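K.L.:
Protein chains in written order, with the numbering used here: chain A, 6 to 218; chain B, 872 to 1695.
Don't be surprised by glycine CBs; every beta carbon is placed ideally from N, CA and C.
Here the structure is a predicted model, which means the values were calculated and not measured.
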Amino acid sequence: MQLRLKDNTFTLLEQKAIWWEEERTLLISDLHIGKITHFRKAGIAVPQQAIEENFEKLDAMMNSHDVKCIIFVGDLFHSDINSEWDRFCAWRNQYREVDMILVLGNHDEFPIEKYEEICIAVYDKELRVGAFTFAHHPKPILEQDEYVISGHVHPVVKLQGLANQRLKFPCFYFGEQQAILPSFGEFTGGYNIEVLDNDQVIAVVEDKLIRIQ
Amino acid sequence: MTPGEKVIASWLKSKSWKLADFQQETIAAYLEGKSGLLNAPTGSGKTYGVFLPVLIDYINHNPDYKTKKGSRLQVLWITPLRALTKDLRRNLQKACDELEIPWQIGIRTGDVSAKEKAAQKKAMPEVLLITPESLHLLFATKNNTDLFKNLKVLIADEWHELLGTKRGVQTELAFCRLRHIQPTVRTWGMSATIGNLAQALQVLTGMNITKEQTVIIRSTIQKKIKVESILPDKVEKLPWAGYLGINLLDKVMPVVMASTTTLLFTNTRSQTEIWYRFILEKYPDMAGIMALHHGSLDRELRDWVEENLHLEKLKLVICTSSLDLGVDFHPVETVIQVGSPKSISRFLQRAGRSGHKPGATSKIYFVPTHSLELIEGVSLREGIQKNILEDRVPLVQCFDVLAQYLVTLAVGDGFEQEELAHEIKSTFCFQYMTMDEWQWVLGFITTGGPSLLAYDEFKRVEIEGDKFTVNNRKVAMRHRLSIGTIVSDAVLQVKYMGGKFLGTIEEDFISWMKPGVVFFFAGLNLEFVRVREMTVQVRKSKQKSGLIPRWMGGRVPLSSELSRFIRERLNDALTNDSPGPEMEKLQPILKLQSERSAIPNENEFLIERCHTKDGFHLFFFPFEGRLVHEGMASLLAYRISKIQPITFSMAMNDYGFELLSDTEINIQELLAAHDLFSTIHLLDDIQRSVNSTEMARRKFREISTIAGLLFQGYPGKFVKTKHLQASSSLLFDVISTHDPKNMLIKQAYQEALDQQLEETRLRKALERIHRQRILIKQTPSPTPFAFPILVDRLREQLSSEKLEDRVNKMIKQFEKEDAAQAKR
């Protein structure tokens, strides 16, 4: 599914990421690498297999696109450093020719040098590329002509039909001046979002994308 | 007569007390070294019935009993309610003091200070009153084994309350541990009358005891019970699916006025608040002599109510099951039950709260909350007359409780696996546990399930040589804080601005409240000021109207015993000329039902079809109780959806269930061509229905919390439960996808099947329907039977349409509505 924003083309991917054609860039939010190991370290037995699922999804996108750059809009790594970091570094090494950029999120807590060691450029609050601003949190106050692409809220859309039918899906959200990405990570939940009339919402239904409005 | 018996006999004589037959029997059995279960009504002296033989035995073995000190822990007394311990201690201590036995009676529950607990560990009292949770906490301390070496008897009070719950399983595990530490220990339980006393005894005493070593002792004291329904003048006055019954208030109050003290039981905490408020408005004289009692109120407030009940200072107490148990309030003369108690045993227990004077008749009034409940009034009376009581079915294979228990032991003195496996298999709950299952649980707590990756950092229980132990202090602390099996919704404390604590309220209710909103709580009008961390700050308000808080909590389903009576009554209504006052009142409703549709007799099964703006409704009336209906609804929905792609939303109550769809179903044709009520492939079909997954997902919340997959948070620290809820569902998804053999997931499905769907009962109901003639009625509008189901908003879904198609259909419907609105 393709969307045009400010003369740029964005392809939404069923892996819950966006492919920015002009810049050959993948946009990914809320990966939460390390969360499963963080839980396991605390004695909570989340299955390890779920860790690999994230990397399989990442590899699938890398293989099907000619990627020049990846922008992670926050919450790349969940909390303290742990052994999942090594798994992530190994993955990073597979794609040395690709630029990777992280805009810090509230869960990205450990020293920035760690990212720099593996050639990931770090931005504190936001990053501007062309007509777009990338930030972890959706911005409450927007400048004129600004378009912000963010994550953090793990947006989910609720559908209601006749005969009391109800369904819930993770979704992409595109407002007048602001877009929000669904959370990419396997072991992350979701929260409902409020939608205005002219907004666009695209749900991720199993492995398909469906425009809701 | 033994020396002990002589001492007790002269003490009894000095008080001019006489032992009842059951007390004498208990003494004899105890002195023979037997274990057993004592079945006697509250207020008949069962506490001394069990305690006196313990004292006799002690005196017999200790001629110097008056001077002997430091006997260490002799009696471990488990009680389901903290609130029961204070009265119990007073009674037991009194007996010891008068008999000049220098015993200390100690309490160890969540209410006891850390200082007192530490003192207890240094010098244990001879008798310890304790809850199952606190006993497990004791197992999580170092060198706990030594504390129990002198134990003579394990006692479980109100055993019927623990049986059939995970706290009961905790008790089983604890008792089998203590029997292992002190093999000569006896086990005694006290239970109200339930259908399966023999089984209750076996669960209590474990699998390693012979029949000859145990005994059931029943008191012959029979209470006379009178049941009367409070009837509305005209049946139309009653809302069809109202949950109040409050419009019968003017008929209820004369009953209250005529007795010294009345307990009015409602089924929910919200209802107690509603009744309190209405009575205060219409009968302002009741202010000061009426009180409110429910589980979310401050303990101090509840203590005050109980105290004043004893002192005969209260005329009316409006309460929930919070007053089902425990000490007797002698002034209580009358009991009123508002709404269906759902089971004959519960009704009987509540009735037993009145009429404590010897030979007095217990009187209980039944107030229906909607017209069809009138049938239940008759049925309850008949059930009590015929003395038909429900079983309390014990739980089996609770691996969540086992996992928690193993970590508890590892935090405490540690364990060796082979020896412990043997011990645990001696409980009723785990008697059929296989070695594979045992190894899985051990794996779950040591490696966190199958460990595939080299860099794993899972840390919980470690193995040192042969010993399973917890070394990590953080893990140990978190575990101690999570011991228990009661998983509650997140609650917020309600406090005045000045800091006085009033009680607790659920987060859901408060989440959408704005400052200035008035709500009714603890019988007070309170203005919501703000939420600070886990506290709702309020001030008193003069505003008369306000919101009533709702507390979630499962709706109890109708027991199968009671449902059978209801079916019989309906059948009876067709033929019997004088069916009793309740059924006569119900005539207009029954007439309307037979005009619009039909009243099924015992050979008929009624299905109604109806079309409204919501869609196409199918109503089925098995009269089997909510849970069976839930199972049957999803079974039927699944079977129909296999024949044609369709989405149903389902609703049910205790009398029937509804399948609602957005396209019409030709049920005649379907029933002619397919055996929708077949019991063949029943289990497979249920398990494949979407609903079993949804039910299992809900069950998993409790299981994952007990097993330690979810941490409920440190006391006082703000941890949002919405987060916890989402996480339990997320854990369910992630584990189901990546570790399908996980036993906790399996347990969730099994619990859904046993408890949620009541598979055995469902099978019996289907067999019955198979023998019945199916009656299909097309109705122009919903009938009296159908209406209460129709208005129920708690719904489930089942679909065989492709998810993608459903989303597209919903979007189209949405657009159509939009267009229609634009036109207007």
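Give the interface partners of residue 1598 of chain B over in chain A, defined as CB-CB distance under 7 Å, in chain order.
P.N.:
Along the second sequence, read from residue 1 onward, the residue named residue 1598 of chain B stands at position 727. Neighbours of residue 1598 of chain B in chain A, taken as residues at a C-beta separation under 7 Å, are given in chain order as 194.
K.L.:
Return the chain-ordered ranges of every alpha helix (DSSP H) run that is complete within the region 969-1049 of chain B and spans a minimum of 4 residues.
P.N.:
985-993, 1003-1010 and 1030-1033
K.L.:
At a Cβ cut of 9 Å, what residues of the region 45-77 of chain A count as close to chain B, listed as they run along the chain?
P.N.:
45, 46, 47, 48, 49, 50, 51, 52, 53, 54, 55, 56, 57 and 58
K.L.:
Tell me, please, whether the region 1238-1248 of chain B touches the region 1263-1280 of chain B by the rule of three or more beta-carbon pairs shorter than 8 Å.
P.N.:
no
K.L.:
For residue 1467 of chain B and chain A, any beta-carbon pair shorter than 7 Å?
P.N.:
Along the second sequence, read from residue 1 onward, the residue named residue 1467 of chain B stands at position 596. False, the Cβ-Cβ gap to chain A never drops below 7 Å.
K.L.:
To the nearest angstrom, report how far apart residue 1131 of chain B and residue 1225 of chain B are at their CA atoms.
P.N.:
Working through the second sequence from its first residue, we reach residue 1131 of chain B at position 260. Working through the second sequence from its first residue, we reach residue 1225 of chain B at position 354. Here the alpha carbon of residue 1131 of chain B sits roughly 11 Å from the alpha carbon of residue 1225 of chain B.
K.L.:
Measure the beta-carbon distance from residue 1263 of chain B to residue 907 of chain B and round it to whole angstroms, keeping in mind my assumption that it falls under 8 Å.
P.N.:
Counting from one through the second sequence, the residue named residue 1263 of chain B turns up at place 392. Counting from one through the second sequence, the residue named residue 907 of chain B turns up at place 36. The C-beta distance from residue 1263 of chain B to residue 907 of chain B rounds to 18 Å, too long to meet the 8 Å contact threshold.
K.L.:
Using the beta-carbon of each residue, which ones in chain A are nearer than 7 Å to residue 1319 of chain B?
P.N.:
As a first step, residue 1319 of chain B must be located in the second sequence, where it is residue number 448. In chain order: 45 and 50.
K.L.:
With 7 Å as the threshold, decide whether the Cβ of residue 30 of chain A is near any Cβ in chain B.
P.N.:
Against the first sequence, residue 30 of chain A aligns to sequence position 25. Not an interface residue.
K.L.:
Is it buried or exposed for residue 1182 of chain B, if we count other Cβ within 10 angstroms and need 16 for buried?
P.N.:
If you number the second sequence from 1, residue 1182 of chain B lands on position 311. Residue environment analysis places residue 1182 of chain B among the exposed positions, since fewer than 16 neighbouring C-beta atoms fall within 10 angstroms of its C-beta.
K.L.:
Please work out which residues of its chain come closer than 8 Å, Cβ to Cβ, to residue 1065 of chain B, disregarding the five sequence neighbours upstream and downstream, and give them in chain order.
P.N.:
As a first step, residue 1065 of chain B is located in the second sequence; it is residue number 194 there, counting from the start. Around residue 1065 of chain B: 1031, 1034, 1071, 1216, 1260, 1261, 1262 and 1263.
K.L.:
With 7 Å set as the bound, which would you pick, yes or no: does the beta-carbon of residue 1530 of chain B sit closer than that to a beta-carbon of chain A?
P.N.:
Position 659 of the second sequence holds residue 1530 of chain B. Answer no: the Cβ-Cβ gap between residue 1530 of chain B and chain A never drops below 7 Å.
K.L.:
Do three or more CB pairs link the region 60-67 of chain A to the region 137-150 of chain A at distances below 8 Å?
P.N.:
no
K.L.:
Please list the terminal residues of the continuous alpha helix (DSSP H) segment that includes residue 888 of chain B.
P.N.:
Within the second sequence, numbered from 1, the residue matching residue 888 of chain B stands at position 17. Counting along the chain, residue 888 of chain B falls outside any alpha helix (DSSP H), and DSSP gives it neither H nor E.
K.L.:
By the three-class DSSP mapping on this structure, what secondary structure does residue 1408 of chain B have?
P.N.:
Locating residue 1408 of chain B in the second sequence gives position 537, where the first residue counts as 1. Reduced to three states, the DSSP call for residue 1408 of chain B is strand.
K.L.:
Checking contacts by CB at 7 Å: is residue 88 of chain A closer than that to chain B?
P.N.:
In the first sequence, residue 88 of chain A corresponds to position 83, counting from 1. It does: the Cβ of residue 88 of chain A has a partner Cβ on chain B nearer than 7 Å.
K.L.:
Measuring only between beta-carbons, confirm whether residue 138 of chain A sits less than 7 Å from chain B.
P.N.:
Along the first sequence, read from residue 1 onward, the residue named residue 138 of chain A stands at position 133. No, because no Cβ of chain B sits closer than 7 Å to the Cβ of residue 138 of chain A.
K.L.:
Can residue 46 of chain A and residue 1328 of chain B be called in contact, C-beta distance under 7 Å?
P.N.:
By one-based count along the first sequence, residue 46 of chain A stands at place 41. By one-based count along the second sequence, residue 1328 of chain B stands at place 457. Their beta carbons are under 7 Å apart, which means residue 46 of chain A touches residue 1328 of chain B by this criterion.
K.L.:
Any beta carbon from chain B within less than 7 Å of residue 42 of chain A's own beta carbon?
P.N.:
The residue given as residue 42 of chain A occupies position 37 in the first sequence. Chain B contact via Cβ: present.
K.L.:
Assuming residue 1024 of chain B and residue 1456 of chain B are in contact, meaning their beta carbons sit under 8 Å apart, how far apart are those beta carbons, in whole angstroms?
P.N.:
Here residue 1024 of chain B is taken as the residue at index 153 of the second sequence, counted from 1. Here residue 1456 of chain B is taken as the residue at index 585 of the second sequence, counted from 1. About 52 Å separates the two Cβ atoms, so there is no contact after all.
K.L.:
Determine the chain A residues that contact residue 1328 of chain B at a beta-carbon separation under 8 Å, and present them in chain order.
P.N.:
Here residue 1328 of chain B refers to the residue found at position 457 when the second sequence is read from its first residue. Correct list: 42, 45, 46, 87 and 88.
K.L.:
DSSP three-state label for residue 1125 of chain B, please.
P.N.:
As a first step, residue 1125 of chain B must be located in the second sequence, where it is residue number 254. Shown here, residue 1125 of chain B sits in a helix according to DSSP, grouped into three states.
K.L.:
Within a Cβ cutoff of 8 Å, which residues of the same chain sit near residue 1410 of chain B, ignoring the five residues on either side of it in sequence?
P.N.:
What you label residue 1410 of chain B is simply residue 539 of the second sequence in a count that begins at 1. Exclusion of the five residues before and after residue 1410 of chain B leaves 1367, 1368, 1397, 1398 and 1400 as the residues of its chain whose Cβ lies within less than 8 Å of its Cβ.
K.L.:
Taking residue 1605 of chain B as the query, report the chain A residues whose CB atoms sit under 8 Å from its CB, ordered along the chain.
P.N.:
Indexing the second sequence from 1 puts residue 1605 of chain B at position 734. 51, 52, 55, 191 and 192, listed in chain order.
K.L.:
Give the C-beta separation of residue 23 of chain A and residue 32 of chain A to the nearest angstrom, bearing in mind that I take them to be a contact with Cβ-Cβ under 8 Å.
P.N.:
Numbered from 1 along the first sequence, position 18 holds the residue referred to as residue 23 of chain A. Numbered from 1 along the first sequence, position 27 holds the residue referred to as residue 32 of chain A. With 8 Å as the limit, residue 23 of chain A and residue 32 of chain A qualify as a contact, their Cβ atoms being about 4 Å apart.
K.L.:
Assign residue 1483 of chain B to one of three DSSP states: helix, strand, or coil.
P.N.:
In the second sequence, counting from the first residue as 1, residue 1483 of chain B sits at position 612. Strand at residue 1483 of chain B.
K.L.:
What is the rounded straight-line gap between the Cα of residue 876 of chain B and the Cα of residue 961 of chain B?
P.N.:
In the second sequence, residue 876 of chain B corresponds to position 5, counting from 1. In the second sequence, residue 961 of chain B corresponds to position 90, counting from 1. Between residue 876 of chain B and residue 961 of chain B, the C-alpha separation is close to 22 Å.
K.L.:
Return the first residue and the last residue of the beta strand (DSSP E) that residue 1236 of chain B is part of.
P.N.:
By one-based count along the second sequence, residue 1236 of chain B stands at place 365. Residues 1232-1238.
K.L.:
Nearest-angstrom Cα distance between residue 872 of chain B and residue 1623 of chain B?
P.N.:
To locate residue 872 of chain B, count along the second sequence from 1; it is residue 1. To locate residue 1623 of chain B, count along the second sequence from 1; it is residue 752. Those two C-alpha atoms are separated by around 54 Å.
K.L.:
Which same chain residues, not among the five before or five after residue 1250 of chain B, have their C-beta less than 7 Å away from its C-beta?
P.N.:
On the second sequence, residue 1250 of chain B is found 379 positions in, with the first residue counted as 1. Cβ within range, chain order: 1433, 1436, 1437 and 1440.
K.L.:
Which residue from B:1135, B:1153 and B:1139 puts its Cα closest to that of residue 1162 of chain B?
P.N.:
The sequence position of residue 1162 of chain B within the second sequence is 291, counting from 1. That would be B:1135, whose Cα lies nearest to the Cα of residue 1162 of chain B.
K.L.:
Determine, for residue 1615 of chain B, whether the minimum Cβ-Cβ distance to residues of chain A falls below 7 Å.
P.N.:
Looking up residue 1615 of chain B in the second sequence gives position 744. For residue 1615 of chain B, the answer is no, since every Cβ of chain A falls outside 7 Å of its Cβ.
K.L.:
From residue 1574 of chain B to residue 1357 of chain B, what distance separates their C-alpha atoms?
P.N.:
On the second sequence, residue 1574 of chain B is found 703 positions in, with the first residue counted as 1. On the second sequence, residue 1357 of chain B is found 486 positions in, with the first residue counted as 1. Answer to the nearest angstrom: the Cα atoms are 10 Å apart.
K.L.:
Whole alpha helix (DSSP H) runs in the region 1265-1295 of chain B with 4 or more residues, listed along the chain?
P.N.:
With a minimum length of 4 residues, the continuous alpha helix (DSSP H) runs that stay inside the region 1265-1295 of chain B are 1270-1282 and 1288-1295.
K.L.:
Counting only Cβ pairs nearer than 8 Å, list the residues of chain A close to residue 1610 of chain B.
P.N.:
On the second sequence, position 739 is the one that residue 1610 of chain B refers to. Simply 52 and 54.
K.L.:
Look up residue 205 of chain A in the DSSP assignment and say whether it is helix, strand or coil.
P.N.:
Sequence index remark: in the first sequence, residue 205 of chain A carries index 200 (1-based). Residue state, collapsed to three classes: strand.
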